[in-house]
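Protein chains in written order, with the numbering used here: chain A, 230 to 459; chain B, 2 to 137.
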């Protein structure tokens with residue numbers, strides 16, 4: 230295992246040779262070991278001679294996915310976290326939930342030190358606040374548990390962020406559905422009352438024209454907006 | 002395994018039994034795994050009325066696990082039942098995964114009244130040995 234690959238936080242004895250490219254300086258064994266770890270080495274051409282380890286992109290994605298699995302599993306099974314998200318679980322609410330917490334996304338920094346966890350809560354305002362504050366208060370505990378479950382060199386720092394994208398998307402789709410159904414009823418009405426046009430006033434005509442143009446705009450928009458969530 | 006127990010109403014009938022029962026209250030099961038979401042609508046006793054999943058909605062591969070696929074699956078499953086006149090439903094959620102949230106929101110948007118939301122993820126009281134840890 231290579232000994233000299235450390236992050237900048239740690240004390241690192243400086244290598245004796247000034248390095249320009251790692252292939253010429255490092256013994257080939259260390260380079261191979263680094264490649265096996267999924268690490269690519271970066272050297273600075275300055276006198277600091279620090280070695281920074283940046284994981285390859287594929288490994289970052291794999292770690293993010295694995296962290297998402299572990300955290301979701303922890304949310305389901307771990308008693309401490311359950312009590313933090315849902316205080317009434319302590320009273321024995323028997324799994325009748327008032328709010329549902331889901332981890333929608335996990336972003337890992339490229340040096341695997343900081344993890345941003347996007348949490349989406351389904352429920353009312355109070356449930357959201359309670360769940361998110363509970364999670365934030367248990368961030369250190371979650372970090373310790375993650376270190377026990379996953380074999381990583383350095384357990385990353387975890388930050389919980391509220392994710393509103395699912396809710397916003399749901400609101401937009403609800404509005405679009407409502408407009409579509411309104412348009413259908415308006416069309417039905419115009420078809421039925423086609424013979425009573427002379428009873429309409431000018432204001433009604435203006436209203437209908439205004440509504441129709443907005444509907445058309447939004448319907449055009451809706452045909453593109455469905456792909457947003459894919 | 003014993004064969005299916007003959008039901009009372011179908012003795013002597015060979016073909017399929019068209020069951021257009023009016024169910025005002027039902028149960029919606031959502032199984033949300035990391036790679037897929039399956040939504041099943043049953044009645045209160047547990048007899049399946051209709052089901053849909055992200056895979057049957059036309060998504061394949063990694064796109065089955067996305068929340069958008071979960072909400073189309075939920076919308077599909079409910080569309081068949083709303084015509085049968087279901088107004089209230091209880092939701093049972095199983096598993097981790099993005100489908101939990103997205104399918105719930107789709108159900109709430111469709112106009113069905115959610116009475117209860119329950120989490121029925123199977124939890125062993127330390128039973129079978131889980132599969133080995135994935136190495137990253």
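All C-beta atoms, glycine included, are put in the ideal place defined by N, C-alpha and C. In this text the structure is predicted, and so the values were computed from the model without any measurement.
Closer than 8 Å to chain A by CB, residue i
| i | result |
| --- | --- |
| residue 118 of chain B | yes |
| residue 137 of chain B | yes |
| residue 68 of chain B | yes |
| residue 97 of chain B | yes |
| residue 124 of chain B | yes |
| residue 114 of chain B | no |
| residue 102 of chain B | yes |
| residue 61 of chain B | no |
| residue 106 of chain B | yes |
| residue 133 of chain B | no |
| residue 65 of chain B | no |
Whole-angstrom distance between residue j and residue i, CA atom to CA atom
| i | j | result |
| --- | --- | --- |
| residue 31 of chain B | residue 64 of chain B | 18 Å |
| residue 302 of chain A | residue 97 of chain B | 7 Å |
| residue 403 of chain A | residue 29 of chain B | 20 Å |
| residue 336 of chain A | residue 77 of chain B | 31 Å |
| residue 54 of chain B | residue 38 of chain B | 6 Å |
| residue 288 of chain A | residue 340 of chain A | 10 Å |
| residue 111 of chain B | residue 343 of chain A | 39 Å |
| residue 83 of chain B | residue 376 of chain A | 47 Å |
| residue 379 of chain A | residue 300 of chain A | 11 Å |
| residue 393 of chain A | residue 349 of chain A | 7 Å |
| residue 43 of chain B | residue 100 of chain B | 19 Å |
| residue 399 of chain A | residue 104 of chain B | 10 Å |
| residue 388 of chain A | residue 292 of chain A | 16 Å |
| residue 119 of chain B | residue 90 of chain B | 11 Å |
| residue 332 of chain A | residue 124 of chain B | 19 Å |
| residue 253 of chain A | residue 107 of chain B | With a pLDDT of only 44 at residue 253 of chain A, under the threshold of 50, the placement of this residue in the model should not be trusted, and no figure is reported. |
| residue 298 of chain A | residue 421 of chain A | 56 Å |
| residue 418 of chain A | residue 407 of chain A | 16 Å |
| residue 414 of chain A | residue 329 of chain A | 35 Å |
| residue 60 of chain B | residue 35 of chain B | 14 Å |
| residue 121 of chain B | residue 315 of chain A | 16 Å |
| residue 438 of chain A | residue 405 of chain A | Only weak support is given to the placement of residue 438 of chain A: the predicted model assigns it a pLDDT of 47, under 50, and the question is left unresolved by the model. |
| residue 94 of chain B | residue 33 of chain B | 7 Å |
| residue 326 of chain A | residue 46 of chain B | 21 Å |
| residue 137 of chain B | residue 69 of chain B | 28 Å |
| residue 284 of chain A | residue 115 of chain B | 45 Å |
Where the alpha helix (DSSP H) containing residue i begins and where it ends
| i | result |
| --- | --- |
| residue 33 of chain B | Premise fails: residue 33 of chain B lies in the beta strand (DSSP E), 26-33, not in any alpha helix (DSSP H). |
| residue 306 of chain A | 286-306 |
| residue 359 of chain A | 354-366 |
Test: residue i CB closer than 8 Å to a CB of chain B
| i | result |
| --- | --- |
| residue 253 of chain A | Low confidence applies to residue 253 of chain A: its pLDDT is 44, below 50, so where it sits in the model is not reliable, and the reading given next is rough at best. Judged by the 8 Å Cβ criterion, residue 253 of chain A is not in contact with chain B. |
| residue 402 of chain A | yes |
| residue 298 of chain A | yes |
| residue 338 of chain A | no |
| residue 295 of chain A | yes |
| residue 351 of chain A | yes |
| residue 410 of chain A | no |
| residue 306 of chain A | yes |
| residue 399 of chain A | yes |
| residue 312 of chain A | no |
| residue 331 of chain A | yes |
| residue 292 of chain A | yes |
| residue 283 of chain A | no |
| residue 395 of chain A | yes |
| residue 422 of chain A | no |
DSSP-derived helix/strand/coil call for residue i
| i | result |
| --- | --- |
| residue 409 of chain A | helix |
| residue 393 of chain A | coil |
| residue 113 of chain B | coil |
| residue 89 of chain B | strand |
| residue 137 of chain B | coil |
| residue 340 of chain A | coil |
| residue 65 of chain B | helix |
| residue 414 of chain A | helix |
| residue 1 of chain B | Since the first residue shown for chain B is 2 and the last is 137, residue 1 of chain B is missing from the structure and cannot be characterised. |
| residue 126 of chain B | coil |
| residue 419 of chain A | helix |
| residue 399 of chain A | helix |
| residue 119 of chain B | strand |
| residue 388 of chain A | strand |
| residue 95 of chain B | strand |
| residue 105 of chain B | helix |
First and last residue of the uninterrupted beta strand (DSSP E) at residue i
| i | result |
| --- | --- |
| residue 81 of chain B | Unbroken run through residue 81 of chain B is the alpha helix (DSSP H), 68-83; no beta strand (DSSP E). |
| residue 345 of chain A | 343-351 |
| residue 41 of chain B | 38-44 |
Counted within 10 angstroms of its Cβ, other Cβ atoms place residue i as buried (16 or more) or exposed
| i | result |
| --- | --- |
| residue 368 of chain A | exposed |
| residue 409 of chain A | exposed |
| residue 351 of chain A | buried |
| residue 309 of chain A | exposed |
| residue 129 of chain B | exposed |
| residue 357 of chain A | buried |
Contact set between residue i and chain E, taken where Cβ atoms lie within less than 8 Å
| i | result |
| --- | --- |
| residue 110 of chain B | The question asks about chain E, but that chain is absent: this structure's protein chains are A and B. |
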